[in-house]
Amino acid sequence: MIEVSELSKTFVDKKTGPKQAVDSVSFTARPGEIFGLLGANGAGKTTTLRMLATILTPTSGTATIDGCDIVKDSQKVRERLGYLTGSAGLYERLTARQALCYFAELYGIGETARNRRISELTEILDLSEFIDRRCDKLSTGQKQRVSIARSVLHDPPVLFFDEPTSGLDVMAARTVVRFIRSCRDAGKTVLFSTHIMSEVEALCDRIAVIHDGRKFAEGTLEQLRERTGAQAFETVFLRLIGVNE
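So in my numbering the end of the sequence shown lands on 235, straight run, no missing numbers.
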């Protein structure tokens, strides 16, 4: 489970002064659900994920990941978390298999378990065609699938997906979406960040609408539609953040 309470982050620029990137955001994401963070680029979604992943220290507020405090128990949080960022983060001179073996060693996974897990993920994410190809020779969609495998090698209970289909073609995006659904079906807690309305409708069980660093609304698709009196989710989003259609 992910529990977030009044989480805030302020950045200070020497020229422009303080910038409130995230302002008192609270929500709870439960096992066996996909919880969406929906907002335009620059809304504060990625900053929120980076605080939860212990990459950034919150200015105020708190959060726990699978019962572990993100500040006091940061190492335990990392052990329980798989985080797919917008960057592939692969070493181009390694093959996909070599890259996965390397990250498995960083996770402390033994050779037998490592080989078994890589075989499982190769089948699940359809990597077999390019698993022994160098990463610099892979397409964007292929790199993204290897990155997903890298993020879940240690089979964590909590997963973050930050704009996971950005720049992918239809078939590659379909593979990613199918995998995210399978994580929910396996009982994992999935936090899914996006600005694409169709992905929210297709994937998310509940949604928090983020705008200018603040949470404007939270609920299921139907709850948010009922609240705004709109059906098209683009219209729902605009009404929730107070923008004229």
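Using N, Cα and C, we set each Cβ at its ideal position, and we do this for glycine too.
- Annotated three-state conformation of Gly7 is strand, per DSSP.
- Annotation for Thr85: Ile121, Asp122, Arg123, Arg124, Cys125 place their beta carbon closer than 8 Å to its own, counting only its chain and skipping 5 residues before and after.
- Judged by pairs of C-beta atoms under 8 Å, the region 98 to 105 does not touch the region 165 to 181, as fewer than three such pairs exist.
- At a Cβ-Cβ threshold of 8 Å, Val190 and Ile231 do not count as neighbours.
- Rounded to whole angstroms, the gap between the alpha carbons of Pro146 and Leu71 is 5 Å.
- Linking Gly34 to Ile60 through their CA atoms gives a straight-line distance of about 18 Å.
- For the set Gly7, Leu128, Ile55, the Cα lying nearest the Cα of Arg87 is the one of Leu128.
- Distance from the Cα of Phe25 is smallest, within the candidate group Gly157, Ile99, Ser16, for Ser16.
- The three-state reading of DSSP puts Gly131 in helix, counting H, G and I together.
- Assigned with DSSP and collapsed to three states, Leu228 falls in helix.
- Glu23 and Lys5 have their alpha carbons spaced roughly 42 Å apart.
- With contacts defined as CB atoms closer than 8 Å, Leu149 and Ile99 fail to qualify as a contacting pair.
- Going by DSSP, Arg196 is part of the beta strand (DSSP E) stretching over 196 to 201.
- Between Gln134 and Val166, the CB-CB gap stays under 8 Å.
- The straight-line gap separating the alpha-carbon atoms of Ser156 and Ile(-8) is approximately 24 Å.
- Note that the C-beta distance between Ser14 and Gly57 is not below 8 Å.
- Under DSSP, the beta-bridge partners assigned to Tyr73 are Phe150.
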